[in-house]
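Worksheet: one structure, shown below.
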Amino acid sequence: MLVYLNRNTGSTAPERWKAKVTQRETITVTVQRGSAATGQQAQEFQVPAYESQTVLDVVSWIQQNTDPTLTYRFACRVGMCGSCAMMVNGVPRWTCRTHVKKVLKDQRIDIAPLRNLPVLKDLAVDMDPFFDKWVAAEGRHHPTAGREEPIPAINPEAQNRQVASAGIECINCSICYAACDTVANDPDYLGPAALQRAWTLYNDAKDADRSAILDAVSGKGGCHSCHSMGSCTTYCPNGLDPLSAIAGLKRATTRRFFGGGA
Amino acid sequence: MSRVARAHPLWLAYILHRLSGLLLALFLPFHFLVLSLALHNAARLDSFLTLAEIPVIKLSETALVFLLAVHMFGGLRLMALEWLPWSGAQKTWAASATAGAFFLSFLFLMRAI
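Here the protein sequences come in this chain order: A and B. Note that numbering that gives the first Met the number 0 numbers the first sequence so that position 154 is 153, with each residue one more than the last. Note that numbering that gives the first Met the number 0 numbers the second sequence so that position 110 is 109, with each residue one more than the last.
Here it is, written out as structure tokens:
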């Protein structure tokens with residue numbers, strides 16, 4: 000049985016704690032190392048098990064105690080910045096909020112860089128394609144007023160506002176992008192996050208160019224490339240629903256095609 | 000690179016829809032070939048249709064009914080997801096589509112045997 004110990008155990012701990020330290024169980028962690036240029040290979044590490052240990056804690060332990068050359072990315076540690084996403088046992092996850100207990104299988108964890116993005120080194124991927132598509136999906140604000148004009152009131156109860164609000168908590172972690180098989184098979188596909196961003200702007204009363212958004216998402220690699228597999232919605236750590244957002248864009252672009260207006 | 004985990008209901012519904020469509024597309028030419036016998040060679044069609052009494056053929060027909068039903072229900076679910084102004088409870092709808100297909104093909108088998 001796995002014995003989780005308090006991480007405060009150490010040389011200053013009482014004897015009873017010291018006794019337990021020697022019995023500390025370890026986790027076998029397989030980490031994908033290298034990059035596409037140098038070739039990738041799996042490397043195995045033994046990491047001590049702690050109570051309330053996250054996958055990011057495991058990666059950090061390896062970097063701090065075993066191999067300082069291990070490259071990975073993180074910032075906030077609290078699920079806000081979206082920079083620590085990795086593939087954990089084949090599932091894209093935010094590692095700072097993924098407890099080891101939840102993903103441990105036979106005392107093992109398999110950690111790899113995010114799928115569908117070029118690997119820079121080890122667990123750090125190049126996010127440029129992800130953000131480039133964000134821009135390509137017209138995921139930027141088109142203002143309705145200048146800074147000198149009064150700020151128009153927005154009704155939070157309005158249906159469009161509620162639809163927009165449902166998708167604005169995206170933290171750009173790229174987990175949906177890594178989970179999507181359409182992204183894997185179609186390099187032009189904009190991906191769930193960028194399309195969801197377009198959908199929130201389309202429903203934003205303060206956005207002045209809905210036509211530009213529909214132009215951007217209705218072409219090659221746009222919303223109609225989505226096969227509704229739903230991996231984006233299944234794995235989104237913030238509980239967002241890009242699948243429904245993309246379905247909304249499909250309806251909006253089709254309505255416009257038949258003369259319904261943007 | 001580790002294998003990507005895809006075993007969630009909507010992805011399984013997606014692959015089931017694709018595979019059933021592919022298998023039905025492969026079956027269609029054969030289906031039309033048999034139907035054409037009705038025009039060109041009725042006696043041969045009749046002798047061919049006696050094969051339908053063989054248990055393994057009945058089971059194959061049941062599988063065919065399942066493929067048809069699961070593709071139809073799955074397609075209706077996708078059309079509803081994409082064209083109607085609602086998107087909730089997709090897992091339930093995907094499961095219902097598969098359950099409906101099993102029900103129909105089981106009904107067919109019960110009538111066939």
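Ideal Cβ placement from N, Cα and C applies to all residues, glycine included.
Three-state class that DSSP yields for residue i in the structure shown
i	result
T53(A)	strand
A51(B)	helix
Y43(A)	The amino acid at residue 43(A) is misidentified as Tyr; the sequence shows Glu. Reduced to three states, the DSSP call for E43(A) is strand.
I112(B)	coil
A88(B)	coil
Q62(A)	helix
H140(A)	coil
P8(B)	helix
V3(B)	coil
D282(A)	Since the first and last residues shown for chain A are 0 and 261, residue 282(A) lies out of range.
N112(A)	First, the amino acid is wrong: residue 112(A) is Pro here, not Asn. Looking at P112(A) - three-state DSSP - the assignment turns out to be coil, as it is neither helix nor strand.
H30(B)	helix
S82(A)	coil
H226(A)	coil
A35(A)	coil
T29(A)	strand
P236(A)	coil
L66(B)	helix
A123(A)	strand
R160(A)	helix
V118(A)	strand
E81(B)	helix
A152(A)	coil
Within 7 Å, strictly: CB atoms of residue i and residue j
i	j	result
L194(A)	L248(A)	yes
L66(B)	S35(B)	no
A41(A)	T29(A)	yes
G258(A)	I170(A)	no
A84(A)	L113(A)	yes
M126(A)	D180(A)	no
L44(B)	A37(B)	yes
F129(A)	Y176(A)	yes
C231(A)	A144(A)	no
Cβ shell of residue i (< 6 Å), same chain only, five flanking positions each side left out
i	result
T61(B)	S104, F107, L108
N88(A)	V102, D109
V182(A)	N115, Y176, Y188, G190
For residue i: DSSP bridge partner residues
i	result
I170(A)	In the DSSP output, where bridge partners are listed per residue, I170(A) has none listed.
K219(A)	Bridge partners of K219(A): none, in fact.
P91(A)	M86(A)
H98(A)	T53(A)
K104(A)	R107(A)
Proximal residues to residue i (C-beta, below 7 Å), its chain only, five neighbours per side dropped
i	result
A197(A)	A136, E137, G138, I212, A215, V216, L248
I147(B)	No answer is possible for residue 147(B): it lies beyond the span of chain B, which begins at 0 and ends at 112.
Beta-carbon proximity list for residue i, same chain, < 8 Å, skipping 5 on both sides
i	result
A157(A)	A204
For this session: Would you check if the segment 63–75 of chain A and the segment 215–233 of chain A touch, i.e. whether three or more CB-CB distances between them fall below 8 Å?
Result: No, the segment 215–233 of chain A is not in contact with the segment 63–75 of chain A.
Exercise. Do the segment 9–16 of chain B and the segment 196–207 of chain A meet, that is, are 3 or more Cβ pairs less than 8 Å apart?
Worked result: Segments in contact, no.
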